[in-house]
Every structure is written in C-alpha cells, then in structure tokens.
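Novice: Sharing a structure here in structure tokens format.
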Amino acid sequence: MAEGMRDVDQVAINTIRFLAVDMVEKAQSGHPGAPMGQAPIAYLLWTRHLRHNPDNPDWPNRDRFVLSCGHASALLYSLLHLGGYGLPIEELQHFRQWSSKTPGHPEHELTRGVETTTGPLGQGLSNSVGMAIAECMGATRFNRDGFPVVDYNVWVIASDGDMMEGVTSEACSLAGHLKLGKLNVLYDANEISIDGPTSLAFTEDVGKRFEAYGWHVLHVGDGNDLAALDAAMNAAKAEEGRPSLIVVKTVIGYGSPAKAGTAKAHGEPLGADEVTAAKKNLGWPLEPTFLVPDEARAPFEEARKRGHQMEEEWNGLMDRYRQAHAEPAADLDQRLSGKLPDGWQDGIPTFKPGDKPLATRAASGQVLNGIAPRLPQLVGGSADLTPSNNTAIKGRGDFEGASQAEGLYLRFGVREHGMGSILNGLALSKLWIPYGGTFLIFSDYMRPPVRLAALMRLQVVYVYTHDSIFLGEDGPTHQPISQLASLRAIPNLTVIRPADANETAEAWRVAIEHRHGPVALALTRQGLPILEETAKHAREGVARGAYVLSDPAEGEPEIILMATGSEVWVTLEAARQLAGKGIRVRVVSMPSWELFDQQPKEYQESVLPSAIRKRLAVEAAAPFGWDKYTGLDGEIHAIQRFGASAPYKQLQKEFGFLPEDIVKRVEGRVRG
Ligand SMILES: Cc1ncc(C[n+]2csc(CCOP(=O)(O)OP(=O)(O)O)c2C)c(N)n1
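To convert, take the position in the sequence shown, counting from 1, and add 41; that gives the working numbering.
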C-alpha cells in the first residue's frame, strides 16, 4: 500500500475508481482513465482539505472545487454521491442518459454541487481565476478585524489538456501577476491525451512555466502517495502570497493491467474483460457493480459533519458581524440574496435630443459612471482597450491583486479569451456583477466563455465597442461583419445594439436587471445624433427589443423599415425624405432580437403587422438571420463582404448607408 494510505483510504479511493469505471461501462461511453488516476487526489482533497458543506452547496463561504477536465465527470459524480450531495446511485447508473443529473460533462445548476460547467478544456481553470479574484475583492470589501466573512480557497483539478489550451496561459499569467494566493491547482500530469503520449506535441516544463508566471510550484512524484499529496495541499494553503500549482505525476487508468498509462484508458469503456482484470488487480469484488462499501462512506461522512459545523460557525460569525458592522453586512446580505439594491437605477442619465452627437460607447461610459455608485457590485474592466471601450469608472482604482485589493477596476491585459472566462468566475461568486470590454471584432477571441456564460445563464455584461465598419480607418481586420449574427446565434445570450445615447442607457438598465444570462452591448465608435423619438419611447421600447419609432402622419404604412444601432438615424432620415415623396413608412428600432422574440405575439404583431409585407431591414453587417423579420417579400440592406480602411463618412457612401441609399431602395421596392 502506498505512503500514508490507511485501509479505509484505500477502500474509499477504489470505490471512486470503480464507480467511475462502472458508470462508463454501463453507459458504454465516457472517460474512465482520468478518474482512476485522479481518485487519490480527489479523495484526499474532499475529505481533508476542502471546506464545504454538502448539506448546503450554496454556503457562500465554502471552498470552491472546479474539475477543469470536465471529461472526468464520472469522478465528480462519484464524489458528489459519496460526499452527501444527494446524488443517488441511480443517477450514477444513468450516467450520460437523457434527463439524468449526470450528463457527459458537469453542468452548473443541473447537478447540486457542480460549481461551474466544464468540458471545453482550459475553461474551468480560467473560471477559477475569476473565482479567486471574486474572493479577494470580496474579502477586501467585507472583512473587518476579527470578521473574515469572505475567506475561502479555490481548488482545481486540471489535466494536460487544460495546460495545453491557450486560455489557461492568459488566465494563469494574470493570476500570477495578481498574486491570488487562495487559488490552488492540482495538475494531473499523466502525460497522456487522446492521440497518445503528450510528448507528441507538448514537451514544455509546465512547472517552470507557472514559476515564470509567479506561481508557487510544488511537485508530487506519485499520485498515490497520500502523505506527499497531503503535505503539498497544506503547503499550497499556507502560501497566501501566490497561487499554487501542484504538479502530480499520475497514471491514467491506474489499476487496469492492459490500459493503464495509455491513451486507450482515456475515452472509451475499459471493456468487460478489462474491468474484471482491473478489479482483480486492485482486489475489488467483481460483483455487485456500483459497489459502495459502508467503510468508504465514513471519511466523507466525517467531512460532511465538519463542513456542517463550519457553516454553523460562519453563520454565528455573520450574526455577530451584522451587529458589529451593519453597513457592509447589509451589502453582503443583499448581494447574496440575489436582489439589486433599491434605487440602483437612480443614477441612469438621460440624454437630450439636440445635444451634440454622442458615440454609444461614450454614452455607455456615462451610464456606467452614473450607476456604479449605487451598484457597488458592478465590477469590470477591459482587455487593454479602456480608453476605447469607455469602461473605466471615475474614482475607482485598479484591482492590483491580493496585496492591494481595494481597487475594483480590472486590467485584463490583451487577453480577451481569459477575460471572458474570468468574468464567468466572478459571476459565479454571486458577489459581483461583472462586465468586460473589447472591440466587437474580438468577441470572436472570447466566444468559448461567452457561450458557457449563456449555457450557465450567468449575469455577465460584454461591452463590445467599434461595432461596425464605421469604426473607419482601422480597416477590415477590425471591422465586424459576421459577429452580430454569430452572437445572436448563441441561445440565452441577449445582444443589444442601441441606436443612440438614450437607447444605450436603457440597454444598461436591461443588462443589470437581466439576472439570468449574459448581455452583449454593441456600441459605436462614431458619434450618433440623440433622437427625439428615443427620448420618448426608448424607456419602454428597448426592453421590448423592438418598437415603433415613427409612423406616417396619415394612413397605414406601406412599408416597414427596421434598423439597429447607427443605422437607425439614417433610416429615420430616409423615412422623412420618403414622406416628402408621398411614401408612407414605419420605422422600427430593433436593438435586440432576443428581447423582441420574447414578447407576446400581440405586441410583435403591433410592431410588425403581418399584413404589411413590404419590409426592409437596415444593418451594416452580415444579413444572416434578418429574413426571419423581413419575410418572403422583404429585403435586407446589409453588407456581404469584408469592410475597408477609410474614414467612416466615405465608408457610409461607398457601402450605401446614407439616407439617400435607403430612399432609393425603398422607392424601388414600393414603386418598382
Ligand atoms: C477545448 C477542447 N478541445 C478538445 C476537447 C476534446 N478532448 C476531450 S479530453 C481531450 C484530451 C484530454 O487529455 P488530458 O487533458 O490529458 O486528459 P486525460 O487524457 O488525462 O484524461 C480532448 C482533446 C475538449 N474537451 N475541449
């Protein structure tokens, strides 16, 4: 028996191993190898180090556990079952089946105790950086002498694949820079991935790489050596000035005579004969399958009791904290309740028509600054585009990391992908409403975490500026064409492209009130007139996704023009000119398809009456998807090519986005 291993440890570890093996075997699908190798690490962490209370997985001050290599989900489900999270053995027996709580990869909110959705490699580990930032900023905001009410570690198990993914480098580089000492990563270095040994493509020294990031790096030479693992976990916890990486050499498929240490153990069932061989090899009964000896439950039960006690102590601490420090306690309670503070909206500015044109990115900056004082949980930053994204909040210092944590502005560096994942970690804390800025074009660089925020329904706000070819001289490399359409294709993501400053204010109101799901704001670089029509109607209209901005003075409209963002004023102006020519036009501002699609049918019909079949959508981007609103008889005034480098006024002309271009097209449609 390996170092530090008691009989009970051995039984519990093998229980985890063979639960995972049996799950994969029954499903005839999944990954047995990683759980077999990681079982001792996970067992030790969950029974001796992780401060958690399975009776209440939402205990705010629990340690977080992230299984970044989500393909090893069978490990997590075994832990949740043994740990007392109420995941019955029947669920393990329905691994990967329709409507089970044990899907192929762990899904946050579907299964009690799953902290974040993982599977796309690199994401979980990068989320954990956000979780550690959330803890650090939370501790600074809320803790007082003798009242460490926000004080938890973030523990991660990550695999070779996690270490290979680029997002890990972005996020972990920042974690090192920020000295996030509460972050502890256990790296399962089994040196096997799908194609074979990692040496096929990955020979760097990961430990040295993390040292270069400023991490505290420890090594455990044998993943079955509980004493060494225990010492390393203690050392990781004790190191508060840097994040810790524990590089653990393990054997994938440990125990399987024919498949251990090979890629064959990675992603397919061991097969009946090999399951038998592995069970014999580790002295495990062949029958029954899904065996959980009582003995294996004991260490988990002790941990559960300890966790319950820890939460009770914390509850007592919170009671005393409420007495001693009423103001921060009320703020903390309010945040954890999930409710927004009363009066948060009072700071939303209004913008007067006739004031000078304002870029919606600049309006967004004003709104952000208006609401932040009454919404202290709003935190964010930019991926090195602060002056362009207008994401700074006056008077707020930078978050400079654990040693200087009172600042709340996040300098993500040029790391869009990492930023997206970190925002997800922040949102998961429930202490913060995070936002992050970059150019709309670079939403492509952060699409994986945007998609996961949508899948998890996390409240994250993306401030995407420079939202069309009209950003001008930077040219086609920076000009979004397909991005709006591709963001709109993501379920649960709300995209809002406001037409002017007033719509921008309302877009932020929607974004803050939208507690379950991310919102992407598409904002202009160039100035836009502040419209009479939005001053009157945006307050109600933006939240409904689309609304009537103007109608003919008399009679029914002959044609509906719908537009978003910077194309709205152009369309309104075209409508005025068309009115002079006797053509009756309705103009609909349509800042958000998703919000409009959620409206009752009657409202949708009132904005886009089905009897009016002549329609034109105007948007300076790919036309993809607009036909759903324009219908069989409608047309789309859009862009079917990449942009070009030139001043934006010339681009308006060259690409046909001046009022007269719309007028011409409508005349052709109505009179043609
Ligand atoms: C972003 C991403 N790319 C590809 C995959 C598909 N995939 C799942 S596991 C894996 C390799 C896993 O190797 P490793 O992380 O070392 O896990 P182990 O073999 O130790 O189980 C790949 C490529 C994925 N899940 N996520």
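Beta carbons: idealized from backbone N, C-alpha and C, even for Gly.
Here the structure is a predicted model, which means the values were calculated and not measured.
1) Does the Cβ-Cβ distance between residue 609 and residue 655 come in under 8 Å?
2) Just grab the DSSP bridge partners of residue 627 for me.
3) Nearest-angstrom Cα distance between residue 216 and residue 567?
4) Please state whether the Cβ-Cβ distance between residue 208 and residue 165 is less than 8 Å.
5) In this structure, how does DSSP classify residue 537 when only helix, strand and coil are distinguished?
6) Check whether the Cβ of residue 110 sits closer than 7 Å to any heavy atom of ligand 3, and report yes or no.
7) Helix, strand or coil for residue 129, going by three-state DSSP, please let me know.
8) Which class does residue 254 belong to by DSSP, given the choice of helix, strand or coil?
9) For the region 152-163 and the region 46-65, state whether three or more C-beta atom pairs, one from each stretch, are separated by less than 8 Å.
10) Grab me the residues of residue 237's own chain with a C-beta within less than 7 Å of its C-beta, minus the 5 sequence neighbours each way, in chain order.
11) For the putative contact between residue 477 and residue 461, defined by C-beta atoms under 8 Å, what is the C-beta separation to the nearest angstrom?
12) Alpha carbon to alpha carbon, what distance is there between residue 218 and residue 62?
13) Just to check my reading of the structure: residue 570 and residue 541 have Cβ atoms closer than 8 Å, yes? What is that Cβ distance to the nearest angstrom?
14) Per DSSP, residue 522 forms a beta bridge with which residues?
15) Can you tell me where the beta strand (DSSP E) holding residue 56 begins and where it ends?
16) Grab the span of the alpha helix (DSSP H) containing residue 473 for me, first residue to last.
17) For residue 676, which three-state DSSP category applies?
18) Per DSSP, which residues does residue 591 bridge with? Please list them.
19) Give a yes or no on contact between the region 257-272 and the region 72-90, applying the rule of three or more CB pairs nearer than 8 Å.
20) What did DSSP end up calling residue 190 once you bin it into helix, strand or coil?
21) Taking 7 Å as the cut-off, is the CB of residue 162 close to at least one heavy atom of ligand 1?
22) Going by C-alpha to C-alpha distance, which of 213, 96, 585, 516 sits closest to residue 173?
23) In whole angstroms, what is the alpha-carbon distance linking residue 234 and residue 200?
24) Roughly how many whole angstroms lie between the Cα atoms of residue 488 and residue 399?
25) Could you tell me whether the Cβ atoms of residue 231 and residue 277 are closer together than 8 Å?
26) Since residue 309 and residue 297 should fall inside the 8 Å C-beta cutoff, what is the C-beta to C-beta distance between them, to a whole number of angstroms?
27) Kindly give me the distance between the Cβ atoms of residue 482 and residue 519, rounded to whole angstroms, as I take these residues to be in contact under 8 Å.
28) Which residue from 205, 331, 220 puts its Cα closest to that of residue 244?
29) Do residue 493 and residue 469 have their beta-carbon atoms positioned less than 8 Å apart in this structure?
30) Between which residues of its own chain and residue 358 is the CB-CB distance below 7 Å, once the five residues before and five after are set aside?
31) Would you give the residue range spanned by the beta strand (DSSP E) that residue 290 belongs to?
32) When you compare each of 193, 170, 180, 242 to residue 210 by their alpha carbons, which one comes out closest?
33) Among residues of its own chain, excluding the 5 on either side of residue 698, which ones have a beta-carbon nearer than 7 Å to its beta-carbon?
34) Kindly identify the DSSP beta-bridge partner or partners of residue 114.
35) Between the region 376-392 and the region 424-443, do at least 3 Cβ pairs fall closer than 8 Å?
36) Mind reading off the beta-carbon distance from residue 57 to residue 120? Whole number of angstroms is fine, and I expect it under 8 Å.
Specialist: To lay it out plainly:
1) no
2) 601
3) 35 Å
4) no
5) strand
6) Absent from the structure shown: ligand 3. Ligands present: ligand 1.
7) coil
8) helix
9) no
10) 304
11) 7 Å
12) 40 Å
13) 7 Å
14) The partner list for residue 522 (beta bridge, DSSP) is empty, contrary to what the question assumes.
15) That residue, residue 56, is in no beta strand (DSSP E); its alpha helix (DSSP H) goes 48-68.
16) Here residue 473 belongs to no alpha helix (DSSP H), and DSSP marks it neither H nor E.
17) strand
18) 628
19) yes
20) coil
21) yes
22) 213
23) 9 Å
24) 29 Å
25) no
26) About 12 Å separates the two Cβ atoms, so there is no contact after all.
27) 5 Å
28) 205
29) no
30) 188, 190
31) 285-290
32) 170
33) 608, 611, 661
34) Partner(s): none; residue 114 has no beta bridge.
35) no
36) 7 Å
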